[in-house]
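Q:
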Amino acid sequence: MIRKNLSIAALAAVMFSVSSAAYAQCGGASWYGPGFNGKTAASGEIFNENAMTAAHRSLPFGTKVKVTDQRTGSEIEVTINDRGPFVGKRIIDLSKAAATKLGFRNRGVTSVCLSQL
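Here the sequence shown is numbered in this note's numbering, starting from 35 and rising by one per residue.
Structure below.
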């Protein structure tokens, strides 16, 4: 009986750690805003280039993501509300505000790592 309870507890611990494990992905990031501001995002929200939002190809809308610039170590938090990017191997498109806060708006692109919050 003790062995059965222990194995159930161990299985529950493994399942909990897998289900709560943070999503992680590294790759290119770009930003967008002009030309899209005020238009409807894929989530149905009105896109606001001054909000801390981002587009990702597959993360569910509403997902909070920590974005870390690999070059500078700067970190921001954004909410996924759109789909993209659809250019090359980029993994995330940040709003103008998010790119500004992360510090790469003038460069246009940077390398980042994402982790789900």
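Just so you know, even glycine gets a beta-carbon here, dropped at the ideal spot from N, CA and C.
Please return the same chain residues whose Cβ sits closer than 6 Å to the Cβ of GLN59, not counting the five positions on each side in sequence.
A: The count along the sequence shown starts at 1 and reaches residue 59 at position 25. Cβ within range, chain order: ILE125, LEU148.
Q: What is the rounded straight-line gap between the Cα of ARG105 and the Cα of LYS123?
A: Position 71 of the sequence shown, counted from the first residue, corresponds to residue 105. Position 89 of the sequence shown, counted from the first residue, corresponds to residue 123. C-alpha separation (whole angstroms): 18 Å.
Q: Going by DSSP, what residue range makes up the beta strand (DSSP E) through THR134?
A: Within the sequence shown, residue 134 is the residue found at index 100, counting from 1. No beta strand (DSSP E) holds THR134; the alpha helix (DSSP H) holding it covers 130-136.
Q: Measuring alpha carbon to alpha carbon, tell me which of ILE80, GLY78, HIS90 ends up nearest GLY62.
A: Position 28 of the sequence shown, counting from 1, holds the residue named residue 62. For GLY62, the nearest C-alpha among the options comes from HIS90.
Q: Does DSSP put VAL146 in a helix, in a strand, or in coil?
A: Translated into positions along the sequence shown, residue 146 becomes position 112. VAL146 falls in the strand class under three-state DSSP.
Q: Mind checking whether ILE114 and ALA132 have CB atoms under 8 Å apart?
A: Looking up residue 114 in the sequence shown gives position 80. Looking up residue 132 in the sequence shown gives position 98. Contact flag unset, no.
Q: How would you call TYR66, buried or exposed, if buried means at least 16 neighbouring beta carbons within 10 angstroms?
A: Stepping through the sequence shown from its first residue, residue 66 is reached at position 32. Label assigned to TYR66: buried.
Q: For VAL101, name the three-state secondary structure that DSSP assigns.
A: Within the sequence shown, the letter at position 67 stands for residue 101. VAL101: strand per DSSP, three-state reduction.
Q: DSSP on ARG124, reduced to helix/strand/coil?
A: Position 90 of the sequence shown, counted from the start, is the residue given in the question as residue 124. Strand at ARG124.
Q: Tell me whether the beta-carbon of ARG146 lies closer than 8 Å to the beta-carbon of VAL101.
A: Start at 1 with the first residue of the sequence shown, and residue 146 comes out as number 112. Start at 1 with the first residue of the sequence shown, and residue 101 comes out as number 67. Looking at the sequence provided, one finds Val at residue 146 rather than Arg. Yes, they are a contact pair.
Q: So is LYS130 buried or exposed if we call it buried at 16+ other beta carbons inside 10 Å?
A: Translated into the one-based positions of the sequence shown, residue 130 becomes position 96. Classification of LYS130: buried, given that the 10 Å Cβ count is 16 or more.
Q: CA-CA distance, GLY96 and LEU151?
A: Reading the sequence shown from its first residue, position 62 is the one you call residue 96. Reading the sequence shown from its first residue, position 117 is the one you call residue 151. GLY96 and LEU151: Cα-Cα distance of roughly 11 Å.
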